[in-house]
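Using our numbering, read the sequence shown as starting at 36 and increasing by one per residue.
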Amino acid sequence: MTNQSRAIGLLLPSREALLWGDSDLTLIVEAARRAEQAGYDSVWAGDSLLARPRAEPLSLLSAVAGATTRVSLGTAVLLPLLRHPVSLAHALSTLDRLSRGRVIVGIGPGAELPGTHAELAAIGVPSDRRISAMLETIGRCRRLWLGEEGMDLEPKPSHAGGPPIWLAGNGPRMLRETGTNFDGWLPFSPTPGEYATGLGAVQEAAERAGRDPDSIATGVYLTVAIADGASEAASELDVYMRAYYGVPAEVMARA
Numbered sequence: 036m037t038n039q040s041r042a043i044g045l046l047l048p049s050r051e052a053l054l055w056g057d058s059d060l061t062l063i064v065e066a067a068r069r070a071e072q073a074g075y076d077s078v079w080a081g082d083s084l085l086a087r088p089r090a091e092p093l094s095l096l097s098a099v100a101g102a103t104t105r106v107s108l109g110t111a112v113l114l115p116l117l118r119h120p121v122s123l124a125h126a127l128s129t130l131d132r133l134s135r136g137r138v139i140v141g142i143g144p145g146a147e148l149p150g151t152h153a154e155l156a157a158i159g160v161p162s163d164r165r166i167s168a169m170l171e172t173i174g175r176c177r178r179l180w181l182g183e184e185g186m187d188l189e190p191k192p193s194h195a196g197g198p199p200i201w202l203a204g205n206g207p208r209m210l211r212e213t214g215t216n217f218d219g220w221l222p223f224s225p226t227p228g229e230y231a232t233g234l235g236a237v238q239e240a241a242e243r244a245g246r247d248p249d250s251i252a253t254g255v256y257l258t259v260a261i262a263d264g265a266s267e268a269a270s271e272l273d274v275y276m277r278a279y280y281g282v283p284a285e286v287m288a289r290a
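(1) Taking 7 angstroms as the cut-off, decide whether the C-beta atoms of residue 112 and residue 142 are in contact.
(2) Between 109, 78 and 47, which lies nearest to residue 201 when the distance is taken from Cα to Cα?
(3) Output yes or no for whether 7 angstroms exceeds the beta carbon distance between residue 178 and residue 171.
(4) Tell me the residue span of the beta strand (DSSP E) that contains residue 97.
(5) Going along the chain, which residues of its own chain have a beta-carbon closer than 7 angstroms to the beta-carbon of residue 63, five neighbours each way excluded?
(6) Can you grab the Cα-Cα spacing for the pair residue 286 / residue 147, in whole Å?
(7) I'd like the span of the alpha helix (DSSP H) that includes residue 110, first residue to last.
(8) Under the three-state reduction of DSSP, which class applies to residue 220: helix, strand or coil?
(9) In whole angstroms, what is the alpha-carbon distance linking residue 68 and residue 257?
(10) Looking at residue 45 and residue 80, is the spacing between their C-beta atoms short of 7 angstroms?
(11) What residue ranges within the segment 120-192 form continuous alpha helix (DSSP H) runs of no fewer than 4 residues, ordered along the chain?
(12) Pull up the CB-CB distance for residue 244 and residue 221, whole angstroms please, since I reckon it's below 8 angstroms.
The following block contains the structure:
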């Protein structure tokens, strides 16, 4: 069992600002500032180019870095495939320096949804290679931060080797990769049983790789509806999921 202290983060409304707001992105930065004042431990930004349009997360978090001093700044989750590895490594190291080392890079290959496949096709990435390509991209970022690619990328991140990288996903391959190669695990809306099983798989993979399982941070991405009753909450959550992801809540539970 890990010995982490409990921390609570807030996903910034970068998509909601376009769905239901007036597209004033400065309101998202203000939301981050207020979250810090309210005692949240971290703020997070999602990523999508075409499938679920929103503000570009690394640009947004750069603005948030200047408006906050304490909260961690995370991506939940960043899609590395949407960027060239050298540009991605440069942007992340710049953000890490601007925030004085507060960055957490949550990454994933994208949810198993039609919009994800269309988004990847638009940039020329085959969907059936998206996990391998994601791992290759982030591996190259790490090598660039360590100066192992034969080029001098500046600025360097705040910490040698780059900011911590958390992997999203519940599948066997993603769980093995998390335990073997990553700094944290960030699954999307698992049940308690699924979470326990997944965490066990991550820790087993860590032990096989000679790592301390307790060194791997554990988080969870949850979408919460607050209502007077369970039925009302489920209905509100379904309406939200259909608007945000374009599919019912029951489909997202399996994505």
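In this text, a Cβ means the ideal position worked out from N, Cα and C, and glycines have one as well.
Every value quoted in this text rests on a predicted model; they were computed, and no experiment measured them.
Based on what the coordinates show:
(1) Stepping through the sequence shown from its first residue, residue 112 is reached at position 77. Stepping through the sequence shown from its first residue, residue 142 is reached at position 107. Contact: yes.
(2) As a first step, residue 201 is located in the sequence shown; it is residue number 166 there, counting from the start. Closest in alpha carbon position to residue 201, among 109, 78 and 47, is 109.
(3) Residue 178 sits at position 143 when you count from the first residue of the sequence shown. Residue 171 sits at position 136 when you count from the first residue of the sequence shown. In this structure, residue 171 does not lie closer than 7 angstroms to residue 178 by Cβ.
(4) Position 62 of the sequence shown holds residue 97. Note, residue 97: premise wrong, no beta strand (DSSP E); alpha helix (DSSP H) at 92-102.
(5) For the purposes of this step, residue 63 is taken as the residue at position 28 of the sequence shown. A distance below 7 angstroms between beta-carbons, with the five flanking residues on each side excluded, links residue 63 to the following residues of its chain, in chain order: 47, 48, 49, 52, 90 and 95.
(6) In the sequence shown, residue 286 corresponds to position 251, counting from 1. In the sequence shown, residue 147 corresponds to position 112, counting from 1. Taking the straight line joining both Cα atoms gives about 10 angstroms.
(7) Locating residue 110 in the sequence shown gives position 75, where the first residue counts as 1. It is not in any alpha helix (DSSP H) - residue 110 instead sits in the beta strand (DSSP E) that spans 107-113.
(8) If you number the sequence shown from 1, residue 220 lands on position 185. Reduced to three states, the DSSP call for residue 220 is strand.
(9) In the sequence shown, counting from the first residue as 1, residue 68 sits at position 33. In the sequence shown, counting from the first residue as 1, residue 257 sits at position 222. If you take the alpha carbons of residue 68 and residue 257, they lie about 21 angstroms apart.
(10) Taking the sequence shown and counting its residues from 1, one reaches residue 80 at position 45. Taking the sequence shown and counting its residues from 1, one reaches residue 45 at position 10. No, Cβ-Cβ distance for residue 80 and residue 45 is not below 7 angstroms.
(11) Every unbroken stretch of the alpha helix (DSSP H) spanning 4 or more residues and falling wholly within the segment 120-192 is given here in chain order: 120-133, 149-157 and 165-180.
(12) Stepping through the sequence shown from its first residue, residue 244 is reached at position 209. Stepping through the sequence shown from its first residue, residue 221 is reached at position 186. In fact, because the Cβ distance is near 19 angstroms, the residues do not count as touching under 8 angstroms.
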